[in-house]
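Residue 314 in full-length UniProt numbering is what sits at position 314 of the sequence shown, and the numbering runs on without skipping anything. Every residue, glycine too, gets a C-beta built ideally from N, C-alpha and C. Inspection log for the structure reproduced underneath, given as structure tokens.
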Amino acid sequence: MIETVGAAGIQNTLQSAGTPTLPKVNLPATPGAPADPATPASSAGTSVPAVTVTPLTPEQQAQLEAAQAAFQARNYPQARAAFESLITQNYTNPAPHFGLGLVLFAQNDDKGATFEFTQFAALAPTRFEGPYNLGVIATRAGNHEQALTLYGQAAGLMKDQASPAAQQQVLEALATEQTRKADFAALSGTLATISALDPQNLDVQYRLAQARTLSGQGAAALPGVYALLAQAPARLDAALLLADIYVAQGLPERATRELDAAVPRAANGSDRATLLLRKADILALTDTRAAVFAAQDATREDGRNAAAFARVGELRALRSDRPGALSFYQNAVKLAPDNAAYRAALAGVRLTLNQNAEAARDAALALTLRPDEATLARALFVQGVAAYRQGQYPQAIKALTSSQTRAPSADTTLWLGLSAYAQKDYPAAATALSESVKLNPTPTARLNLASALLASARYAEAEAVLRGLVSDDPKNAEAWFQLGLSQRAQTRETDARASLKTAAALGSTRAAGALK
């Protein structure tokens with residue numbers, strides 16, 4: 001705790017930086033009248049005319065000290081009455097206004113506290129405590145733009161009047177609002193000042209390097225990161241930031257080498273696993289095989305790290321190693337049974353292995369685990385496809401429709417169209433498959449759309465889709481066969497037979513039968 005006591009000041013305790021609190025005023029014994037009084041922002045938007053500051057008499061000073069003591073003892077009703085009495089006797093002295101502001105703030109009377117701190121700021125415009133405390137109230141009210149402005153004013157006033165600890169607290173409040181606004185350039189300047197006040201604070205050094213990186217000055221942050229690692233070689237966040245900087249500079253190989261160097265310095269297996277997972281993420285952009293090995297190393301360093309097992313599962317699935325992906329996702333689910341994302345991913349891998357009943361079971365479990373919207377949509381998709389494959393078409397339509405409303409995709413509408421087709425609802429099938437083709441015109445989606453259009457007696461539309469298909473893929477026997485059917489349905493037998501002959505030549509037995 002930090003204590004500063006002025007001859008006409010209010011004693012108060014400054015807490016650790018990060019949560020703005022109310023510092024005490026430290027006024028000279030006899031404040032002079034301001035030559036050009038300032039009126040800081042207030043929630044009421046009022047202004048205070050220039051007045052001459054009247055010093056406290058010895059009797060009023062004694063009353064002030066008694067009011068301070070009541071405040072420190074948390075006897076707020078007594079303190080409030082004493083400060084209000086002093087204000088009645090000597091309205092133009094700032095100290096009683098500040099004390100009353102503290103009391104009212106402690107009693108959650110922000111409107112009253114704002115008024116008193118505004119009066120204080122007008123009577124002592126060169127003091128930092130006025131705008132700072134008004135900033136605290138603005139922060140508590142959620143008025144962050146105003147808080148940012150007020151903390152900036154306080155920071156500009158405090159340099160020659162506040163202790164290093166008090167300066168750091170004001171700057172931390174300013175940094176909090178700059179972080180909230182994502183003004184990383186300004187934040188870098190603020191943190192540089194804090195670091196100068198407290199050069200041994202490694203956390204501040206890290207935050208400064210991070211802010212510089214986020215402001216697009218990653219290269220400028222490198223000396224600070226290396227200096228930090230020289231003092232704290234095992235520091236995980238600094239090693240990760242170093243890698244991020246090199247990735248942002250387009251040097252991923254340098255980033256992975258720095259991570260490799262950091263792994264032996266890490267304090268424990270959990271930290272080593274985190275470093276290896278970051279390495280896997282970087283490698284995955286160019287070399288999924290190497291990424292798999294890095295992620296597997298992470299599982300060996302920390303056998304309880306569910307995220308590491310899930311990452312291996314994801315990477316193995318990307319490499320079409322579905323049995324391997326299944327094994328690692330099963331381990332992830334065992335370690336984190338309440339993780340909806342892992343459970344949904346496991347369901348998805350089971351679906352690729354045609355373990356439809358098991359996939360449906362895992363998807364249903366994922367839906368009970370409060371998944372986020374993306375995971376919810378994925379689980380519903382798996383549930384829908386699994387239901388389709390098991391001939392449960394109404395359930396499939398319900399699940400796929402719900403998935404599509406949350407995360408529209410070509411795959412979802414494709415399976416939704418197939419499910420509607422299986423129910424013989426051909427218009428609905430055509431609608432869903434048309435949407436799938438719009439989102440991703442794959443040959444499979446186009447061919448199924450043509451089938452739905454044919455079944456809906458929309459022969460000309462089907463022919464248009466099929467002509468596009470055979471133009472793109474002249475060896476698509478099924479497309480030629482359906483083209484022949486669409487032409488025959490339009491009583492263009494010559495064209496139909498030509499298309500059917502092409503399909504038969506490509507191996508379509510159904511086309512050969514249609515020619516007889």
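Item                                                                                                                            : Value
Limits of the alpha helix (DSSP H) - the one that residue 303 falls within                                                      : Element bounds for residue 303: n/a, residue is neither H nor E.
Every unbroken alpha helix (DSSP H) within the region 373-399, with a cutoff of 4 residues, ordered by chain                    : 373-389
Proximity below 7 Å, CB of residue 363 to CB of residue 374                                                                     : no
Residues near residue 123 in its chain [Cβ-Cβ closer than 6 Å; skip 5 each side]                                                : 53 and 94
Cutoff 7 Å; reference residue 184; Cβ partners in own chain excluding five residues on either side                              : 211, 214 and 215
Beta-carbon spacing of residue 434, residue 388 below 7 Å                                                                       : no
Secondary structure of residue 522, DSSP reduced to three states                                                                : Within the shown structure, residues of the chain are numbered from 1 to 516, placing residue 522 beyond reach of any answer.
Through-space distance from residue 222 to residue 437, alpha-carbon basis                                                      : 49 Å
Residues of its chain near residue 207, where Cβ-Cβ distance is below 7 Å and the 5 sequence neighbours each way are ignored    : 191
Every unbroken alpha helix (DSSP H) inside the region 413-494 [4 residues or more]                                              : 426-439, 443-455, 459-472 and 477-489
Run of the alpha helix (DSSP H) containing residue 159, from where it starts to where it stops                                  : Segment: none, residue 159 is in no alpha helix (DSSP H) and carries neither H nor E.
CB of residue 171 within 7 Å of CB of residue 193, strictly                                                                     : yes
Straight-line Cα distance separating residue 70 from residue 101                                                                : 14 Å
Segment contact flag, the region 306-320 with the region 344-364, C-beta cutoff 8 Å, min 3 pairs                                : yes
Coarse secondary structure for residue 8, derived from DSSP in three states                                                     : Low confidence applies here, because residue 8 scores a pLDDT of 29, under 50, leaving its location unreliable and the question unanswered by this model.
Cut-off 6 Å between Cβ atoms - residues of its own chain near residue 414, not counting five sequence neighbours on either side : 436 and 445
Rounded separation between residue 326 and residue 296 - CA only                                                                : 14 Å
Beta-carbon separation (whole angstroms), residue 285 vs residue 259, contact threshold 8 Å                                     : Contact doesn't hold; Cβ gap of about 14 Å is too wide.
Same chain, Cβ closer than 7 Å to residue 202, neighbours up to 5 away in sequence not counted                                  : 228, 231 and 232
Beta-carbon proximity check, residue 282 vs residue 256, cutoff 7 Å                                                             : yes
Residue 233 (DSSP reduced to helix, strand or coil)                                                                             : coil
Inter-residue spacing [alpha-carbon to alpha-carbon] between residue 384 and residue 516                                        : 40 Å
From 321, 494, 241 and 467, residue whose alpha carbon lies closest to that of residue 479                                      : 467
Cα-Cα separation, residue 517 to residue 189                                                                                    : With the chain represented from 1 up to 516, any question about residue 517 goes unanswered, as that position is not in the structure.
Nearest-angstrom beta carbon gap, residue 154 and residue 135 [assumed within contact, 8 Å]                                     : 6 Å
Burial state of residue 279, where buried means 16 or more other Cβ atoms lie within 10 Å                                       : buried
Environment of residue 302 [buried if 16+ CB atoms lie within 10 Å]                                                             : buried
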